[in-house]
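Q: What follows is a single structure, and I will ask about it in a moment.
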Amino acid sequence: MILYVANPIYDSVFKYLMEDERIARTLLSALLKKKVVKVEQRPHEYVNVSRNNISMFRIDFGATIREEDGHEHVVLIELQKTWLETETLRFRQYLGTQYSRKENIVEDSEDKHALPMVAVYLLGHRVGDISAPVIYVNHHTYDYDGNLIKGGENCTFVESLTHNSIIVQIPLLHGHVNNRLEQVLSVFNQSNASKGNPQTIAINDDAYMGDPDMEYILKRLLSAASNPEVRQEMNVEDEFFKAIEDRDTAIMVRDRKIDEQDRKIDEQDRKIDEQKRMLQNAIESLRKQGMDDATIASVLGLPEGDFNTFE
């Protein structure tokens, strides 16, 4: 059966999803490819409520991961989602603030260090020519000769200075579902967005039958679609992006006019240079015939005087 649920690409819907601890665990487990047993949303001033120049939803999680040997440890997840192409500097500035936050510092009997960090980017646009919908950027340690150093990834000092990243290109989330992550992210597939109303997305619930976590996500998205506050926030987002589209269209029209004016000026400059070149050749030719400058000026219809401007 086809269900029309709230489109999670909207910040308001995504926030509504991620406020649910079970859904946060499901998504982060799929992204990290590890068992996330506990998720704690960390309050901060960066969650996007009011907007200025761009839409960038940011949220922090402290995720408790259980490894296959039963060992549990906490990883800081910096999740950032945007519809628009943005400067990477904005992401970097956000990450920089997190390294300095005291609640992200762990102090044990041996030393004091920052929590290991994974940055997750959910992008509403593509990254260059990379065709993979999900990109994992993992940092390793090497010696001078380029040999991989074993155990470097477990060093708290190294982990405190570097972070791994996961980049999701939402426009490429379509086609066959080949793994757990693609299944979880399939609810973001914008090719299923309703043509008449992008605030809803069509999902065949048969594809998730028997998967309690995915069925739970669908129920949450259905709930978001009927939630008046979420719907109002989606309307605000649409108005915001309509304003951005109008602004960008105006900028494109203006730039096109400027480019056309520049082209005309360049063409005029080229014609002037060509005329100067022709006059220069004519002056040189007449001088070779023995004419003085006064006669040349009379013949060519030029004002008497210095011909240096044409030479």
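Counting in our numbering, the sequence shown runs from 328 upward without gaps.
Using N, Cα and C, we set each Cβ at its ideal position, and we do this for glycine too.
Indicate whether ALA446 and PHE388 have their beta-carbon atoms separated by less than 8 angstroms.
A: Going by C-beta atoms, ALA446 is not nearer than 8 angstroms to PHE388.
Q: Please classify MET328 as buried or exposed, where buried requires at least 16 other C-beta atoms within 10 Å of its C-beta.
A: Flag for MET328 reads exposed.
Q: Tell me which residue opens and which closes the beta strand (DSSP E) that GLU405 is part of.
A: Its beta strand (DSSP E) spans residues 399-409.
Q: Identify every residue that forms a DSSP beta bridge with ILE530.
A: The partner list for ILE530 (beta bridge, DSSP) reads LEU330.
Q: Runs of 4 residues minimum, wholly inside the segment 538-597: which ones carry the alpha helix (DSSP H) assignment?
A: List check, alpha helix (DSSP H) in window: 539-552.
Q: Closest to LEU449 by C-alpha separation, out of PHE341, GLU564, GLY617, MET536, would be which residue?
A: Here the closest residue by C-alpha is PHE341.
Q: If you check the beta carbons only, do ASN505 and VAL464 fall under 8 angstroms apart?
A: No, the pair does not count as a contact, with Cβ atoms beyond the cut-off.
Q: Under the DSSP definition of a beta bridge, which residues are partnered with GLN368?
A: Its beta-bridge partners are PHE388.
Q: Let me confirm a value: LEU627 is counted as buried when at least 16 other C-beta atoms fall within 10 Å, else exposed. Which label applies?
A: Exposed.
Q: Does DSSP put LEU354 in a helix, a strand or coil?
A: In this structure, LEU354 counts as helix in the three-state DSSP scheme.
Q: Can the beta-carbon of LEU330 be found closer than 8 angstroms to that of LEU549?
A: Yes; because the gap between Cβ atoms is below 8 angstroms, this pair is in contact.
Q: Classify GLN420 as helix, strand or coil using the three-state DSSP reduction.
A: Note on GLN420: pLDDT 47, under 50, position unreliable in the model; the coordinate value appears next. GLN420: helix per DSSP, three-state reduction.
Q: Among ARG558, ASP565, TYR337, ASP540, which one has its Cα closest to the Cα of ALA357?
A: The residue with the shortest Cα to Cα distance from ALA357 is ASP540.
Q: Does the distance from the C-beta atom of GLU348 to that of VAL364 stay below 8 angstroms?
A: No, the Cβ-Cβ distance between GLU348 and VAL364 is not below 8 angstroms.
Q: If you follow the beta strand (DSSP E) that MET444 is part of, which residue opens it and which one closes it?
A: Per DSSP, MET444 belongs to the beta strand (DSSP E) from 444-450.
Q: Helix, strand or coil: which one does DSSP assign to ASN379?
A: Annotation note: pLDDT 46 at ASN379 (below 50); position unreliable, coordinate value reported separately. Note: ASN379 maps to coil in three-state DSSP.
Q: For ASN516 and LEU475, what's the separation of their Cα atoms in angstroms?
A: Looking at the two C-alpha atoms, the distance is approximately 38 angstroms.
Q: According to the Cβ coordinates, are VAL461 and ILE493 closer than 8 angstroms?
A: Cβ atoms of VAL461 and ILE493: closer than 8 angstroms.
Q: DSSP has ILE493 in a bridge; who is on the other side?
A: In the DSSP output, where bridge partners are listed per residue, ILE493 has VAL447, TYR463.
Q: Between which two residues does the alpha helix (DSSP H) harbouring ALA624 extend?
A: Note, ALA624: alpha helix (DSSP H), 620-627.
Q: Give the C-beta separation of THR527 and SER518 to the nearest angstrom, bearing in mind that I take them to be a contact with Cβ-Cβ under 8 angstroms.
A: That belief does not hold up - the Cβ atoms of THR527 and SER518 are roughly 14 angstroms apart, past 8 angstroms.
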